[in-house]
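**Q**
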Amino acid sequence: MRSLLPVIAQAEFRWGFIWDNRQIFLDGLRLTILISIVSFTLSVALGLVVALLRMSKSKIIQPLIAAYVNVFRAIPLLVFILFVYYGLAIQFNLNMTAIQAGVLALTLQYSAWLGEIFRSGIQAVPYGQREAAHSVGMGRVQTFFRVVLPQAARIVIPPTGNMFIGMIKDSSLVYLIGVPELLRVSNRLANRTFRYFEVYLATVLIYLALTTLVYFGVKYLEKRFALVDLLTSSARNWSPFAIRRTARLRALQARVEADMQGEPVLEIPIEEEEDEKEEREEQVALEEETEVTGLER
Amino acid sequence: MSVSPNNTSQPEQPAPVVRLRSIHKSFGSNHVLKGVDLTVDQGQHIVIFGPSGSGKSTLLRTTNLLERPESGSVWFDGKEYGPGLDGQKLPRGKPRVLREQIGMVFQQFNLFPHITVLENVSLALRRVKGISHSEADYKAATQLKRVGLLDKIGAYPIQLSGGQQQRVAIARSLVMEPKVMLFDEPTSALDPELVGEVLAAMRALAESGMTMVVVTHEMGFAREAGDLNIFMDEGMIVEQGGHEIYQDAQEPRTRAFIEAIL
Chain A
38 MRSLLPVIAQ AEFRWGFIWD NRQIFLDGLR LTILISIVSF TLSVALGLVV ALLRMSKSKI
98 IQPLIAAYVN VFRAIPLLVF ILFVYYGLAI QFNLNMTAIQ AGVLALTLQY SAWLGEIFRS
158 GIQAVPYGQR EAAHSVGMGR VQTFFRVVLP QAARIVIPPT GNMFIGMIKD SSLVYLIGVP
218 ELLRVSNRLA NRTFRYFEVY LATVLIYLAL TTLVYFGVKY LEKRFALVDL LTSSARNWSP
278 FAIRRTARLR ALQARVEADM QGEPVLEIPI EEEEDEKEER EEQVALEEET EVTGLER
Chain B
50 MSVSPNNTSQ PEQPAPVVRL RSIHKSFGSN HVLKGVDLTV DQGQHIVIFG PSGSGKSTLL
110 RTTNLLERPE SGSVWFDGKE YGPGLDGQKL PRGKPRVLRE QIGMVFQQFN LFPHITVLEN
170 VSLALRRVKG ISHSEADYKA ATQLKRVGLL DKIGAYPIQL SGGQQQRVAI ARSLVMEPKV
230 MLFDEPTSAL DPELVGEVLA AMRALAESGM TMVVVTHEMG FAREAGDLNI FMDEGMIVEQ
290 GGHEIYQDAQ EPRTRAFIEA IL
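Chains as they are written, first to last, in the numbering used here: chain A, 38 to 334; chain B, 50 to 311.
#1: Which whole-angstrom value describes the C-beta separation of D90 (chain B) and V66 (chain B), a residue pair presumed to lie in contact below a C-beta threshold of 8 Å?
#2: Please classify E294 (chain A) as buried or exposed, where buried requires at least 16 other C-beta atoms within 10 Å of its C-beta.
#3: Identify each residue in the stretch 215-227 of chain B for which the Cβ-Cβ distance to at least one residue of chain A is less than 7 Å, and report them in chain order.
#4: L85 (chain A) versus chain B: which residues are under 7 Å apart at the beta carbon?
#5: In this structure, does DSSP put E129 (chain B) in helix, strand or coil?
#6: Roughly how many whole angstroms lie between the Cα atoms of L286 (chain A) and F158 (chain B)?
#7: Kindly indicate if chain B contains any beta-carbon less than 7 Å away from that of Q160 (chain A).
#8: Pull out every residue of the stretch 180-193 of chain A whose Cβ sits closer than 8 Å to any Cβ of chain B, in chain order.
#9: The alpha helix (DSSP H) spanning M204 (chain A) covers which residue range?
#10: Would V177 (chain B) pass as an interface residue toward chain A - the criterion being a Cβ-Cβ separation below 7 Å?
#11: Using the Cα positions of A44 (chain B) and I95 (chain B), report the straight-line distance between them to the nearest angstrom.
#12: Quick one: does A126 (chain A) have its CB under 7 Å from some CB of chain B?
#13: Going straight from the alpha carbon of K228 (chain B) to that of A238 (chain B), what length do you get?
#14: Skipping 5 residues on each side, what residues in its chain have a beta carbon closer than 7 Å to that of E246 (chain B)?
#15: Within 7 Å (strictly less), CB to CB, does K105 (chain B) reach chain A?
#16: Does DSSP put K83 (chain B) in a helix, in a strand, or in coil?
#17: Do V204 (chain B) and V166 (chain B) have their CB atoms nearer than 7 Å?
#18: Kindly indicate if chain A contains any beta-carbon less than 7 Å away from that of P118 (chain B).
#19: What does a CB cutoff of less than 6 Å around V255 (chain A) pick up in its chain, not counting 5 residues either side in sequence?
#20: If you pair each beta-carbon of the stretch 64-84 of chain B with each one of the stretch 108-115 of chain B, do three or more pairs fall below 8 Å?
#21: Taking the beta carbon of R183 (chain A) as the centre, do at least 16 other beta carbons fall within 10 Å, making it buried, or is it exposed?
#22: Over the uninterrupted beta strand (DSSP E) stretch that includes M268 (chain B), give me the two end residues.
#23: Going by the beta-carbon positions, is the gap between E234 (chain B) and V264 (chain B) smaller than 7 Å?
#24: Taking the CB atoms as reference points, tell me whether R110 (chain A) and A149 (chain A) lie closer together than 7 Å.
#25: Counting only the same chain and skipping the five closest in sequence on each side, list residues whose C-beta sits under 7 Å from that of V193 (chain A).
#26: M225 (chain B) lies in the beta strand (DSSP E); which residues open and close that run?
#27: Please determine if the stretch 132-139 of chain A and the stretch 166-183 of chain A are in contact, where contact requires at least 3 C-beta pairs separated by less than 8 Å.
#28: With a threshold of 8 Å, are at least 3 pairs of Cβ atoms found where one atom belongs to the stretch 253-263 of chain B and the other to the stretch 172-181 of chain B?
#29: Using CA atoms only, rank isn't needed, just tell me which of B:P140, B:G99, B:E129 and B:S101 is closest to T112 (chain B).
#30: Taking the CB atoms as reference points, tell me whether T260 (chain B) and Q150 (chain B) lie closer together than 7 Å.
#31: Quick one: Cα of L213 (chain A) to Cα of L145 (chain A), how far?
#32: Please decide whether G176 (chain A) counts as near chain B, where near means a Cβ-Cβ distance under 7 Å.
#33: Do we get a CB-CB distance below 7 Å when we pair K194 (chain B) with the residues of chain A?
#34: To the nearest angstrom, how far is the alpha carbon of E308 (chain B) from that of R292 (chain A)?
#35: Taking I318 (chain B) as the reference, which of B:G127, B:L231 and B:V224 has the closest Cα?
#36: For V302 (chain A), collect the residues of the same chain with a Cβ closer than 8 Å to its Cβ; drop the 5 residues on either side in sequence, then sort them by chain order.
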């Protein structure tokens, strides 16, 4: 084998080889996407539960969840995948396929990381928001879902996007327990044909394309949920949804305006204030001038 | 601490809306409120002033149960919300019920930044009172018209000036039709030129007969609207009275504070 490597390295590079085997790559890619999405969805759900329990005031639950987070974050993922599949599944005779074991291992670890991200996001929402919601009579659950969570979601979008990219990359580790995802099928193809460079180059490019796609997706979400963007985004203002919304608001304004004719209008003393301010500034400037001239004399 | 009749401007016997009695509150070793009594009568405009750290904001927040007192009674609408006084057994109320009927305006506005001005005002109508979407929107828009912001209903809070944000916050509380409105230094976070519009909204509200408790340093507003003016220092009410308190206060501490801020 070793003596063959230089020969292989000098072999003619053929792109066509990858195209010919595209079905193999596509099958692997499909499984990589499936594992990533399923594991990540489960991780987000579990991570939210972890975050909420971690913030509980209970003297039992809080340290338990802290331990959960710290244990699963501390074990190398590859070791954990092997342990779940070869260790747990076989020892306890769990009827578990390699894919299920892989998803379970990824979910447990990622939920620990995501739990911490979500917790920091929830805690980053100013406490005054909760107080304002309580002050109009909203309960704890309503306050969380209507006021805190939407704001926390905006905060955690970038780090959560990073975690999804990480999940796509880390899903390749389940190849060691025999899941025929992208890395596994590439590895098999390369070993069978000795076209290591073509195969692994293709694998690298496929992962790169996938993560780049997610990167732009996250960028879009960030923009979509950014508060400042609401001011400038023409896409939002000219979408059919936005046009309908504007029309609805106009109609509401007109109705209220008509219904409230004759009611006293709040007089806002803006112009007076400004005039006063100008006068005051002129006065100050005058005084300064006399002071200066006084000093010169 | 009840108010002597010659201090109130109302001729008939006013009905109390909220009554706080011997409220104690500590943050750690810091004893913030040391047995404070406060009775808020129907239609009364109470102004609370005093140096920072005197407990005036905490007193206001206790009225709304955003702070839970360690001891003392918070009475509202026939029900007891605080720990209660010794030997007194009143039916207990749920904090949510009290908060729904007592509005609060914060120093930092605390508008919800992720939803529009209209949604800020209509959210609690829909979620707490269970009013339909379209009716809640109509009520909210009506309330926003009253504070002069009908043209801003589609805007987001960050698109408004501080004064406009505070007026939205006032509308958000008023739309729930509260029995009492609490103001916690509503103009302290505003640029000087924006204070006027918030005070104008508060004056209009006072003229409409709303019961109000205002923690403020705006002495102009206090003189004009304050039926009962309370000076607090070191967790206690030092002195209270009508408008005359600003001219000739009895307590030297009150006089010193008024002189310092005028």
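Glycine included, C-beta positions come from ideal geometry on N, C-alpha and C.
**A** According to the structure shown:
#1: For a cut-off of 8 Å, the C-beta gap from D90 (chain B) to V66 (chain B) is around 7 Å, short enough to register as a contact.
#2: exposed
#3: R221, S222 and M225
#4: The contacting residues do not exist; L85 (chain A) stays about 18 Å from chain B at best.
#5: strand
#6: 24 Å
#7: no
#8: R183, V184, P187, Q188 and R191
#9: L186 to D207
#10: Chain A contact via Cβ: present.
#11: In this structure chain B extends from 50 to 311, so residue 44 (chain B) is not present and cannot be described.
#12: no
#13: For K228 (chain B) and A238 (chain B), the gap between their C-alpha atoms comes out near 26 Å.
#14: G212 and R216
#15: no
#16: The DSSP-derived three-state label of K83 (chain B) is strand.
#17: Looking at the sequence itself, residue 204 (chain B) is Ala, so the reference to Val does not match. Cβ distance < 7 Å, so A204 (chain B) and V166 (chain B) count as in contact.
#18: no
#19: Only G198 meet the Cβ criterion.
#20: yes
#21: buried
#22: Taken as a continuous stretch (DSSP letters only), M268 (chain B) belongs to no beta strand (DSSP E), being part of the alpha helix (DSSP H) at M268 to A274.
#23: yes
#24: Yes, these two residues count as a Cβ contact at 7 Å.
#25: Apart from the 5 residues on each side of it in sequence, V193 (chain A) sits with its Cβ closer than 7 Å to the Cβ of I154, F155 and G158 in its chain, given in chain order.
#26: From DSSP, M225 (chain B) is part of no beta strand (DSSP E); its letter is neither H nor E.
#27: Result no; under three Cβ-Cβ pairs closer than 8 Å.
#28: The count of Cβ pairs closer than 8 Å, one atom from the stretch 253-263 of chain B and one from the stretch 172-181 of chain B, stays below three, leaving the stretches out of contact.
#29: B:E129
#30: no
#31: 18 Å
#32: yes
#33: Interface residue, yes.
#34: 50 Å
#35: Past the boundaries of the shown model lies residue 318 (chain B); chain B is included only from 50 to 311, so the question cannot be answered.
#36: For V302 (chain A), where only same-chain residues beyond five positions count, there are no Cβ hits under 8 Å.
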